[in-house]
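Novice: First residue of the sequence shown? That's 1 in UniProt numbering, and the numbers climb one at a time after it. Ideal Cβ placement from N, Cα and C applies to all residues, glycine included.
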Amino acid sequence: MLVKPCGDNTLVISLYDNLLIDYQFTFSLLQEDDRHYTSINFMATPEQANKNLDMSINASNNFNLNITWSLSSTAGTISGEEMPFIARTNIKEHRDSFSCEKFNFRLHHNITFYVYVTNFSWPIKIQIAFSQHNSIMDLVQFFVTFFR
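1) Compute the Euclidean distance between the alpha carbons of F98 and S28, then round it to the nearest angstrom.
2) What three-state label does DSSP hand T77 in the structure shown?
3) In chain order, what residues of the same chain have a beta carbon less than 7 Å from the beta carbon of T89, not counting five sequence neighbours either side?
4) Would you kindly work out how many angstroms separate the C-alpha atoms of E101 and N52, rounded to a whole number?
5) Just the C-alpha distance for S131 and M55, rounded to the nearest angstrom, thanks.
6) Throw me the rounded Cβ distance for the F120 and N41 pair, which I believe falls under 8 Å.
7) Residues in its own chain within less than 7 Å of I124 by CB, not counting five upstream and five downstream?
8) Per DSSP, A44 forms a beta bridge with which residues?
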């Protein structure tokens, strides 16, 4: 995690390590010391080439959301150009699914999604999760295989 001061006495939290897939993370900015945070950034890279990457984010207060993607990255620096994907303002939650076919996870195994949460007010609790669940067909296959 990298905390960067901005010129107007605000701070930005940047997580340049990939968030783990299939885990939910909660960021509680509730203490008086957290009052100056105005932005928090996340990144995630799909682990499986044949499954969509689902993302959900929600917060206790409204926020602005920007999501971009890049074909390559290294921790702390971005070596590939980020392409804008989603921009939302004044929301409390967002869910999306990034298609493994559209983004071609098989060919682009280093694809990275960047999530920028900005313009929120203190105090705030933010929950974010990325997942790559099995499709419904995988469940059907399970029942067909084990309950014949």
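Specialist: In short, the structure shows the following:
1) 26 Å
2) Residue placement at T77 is flagged as unreliable, the pLDDT there being 46, under the threshold of 50; a coordinate-derived value is accordingly withheld.
3) N64, listed in sequence order.
4) Whole-angstrom Cα-Cα distance: 8 Å.
5) Rounded to the nearest angstrom, the two C-alpha atoms are 6 Å apart.
6) Actually they do not touch by this definition, with Cβ atoms about 13 Å apart.
7) L29, A59, S60 and N61
8) F113
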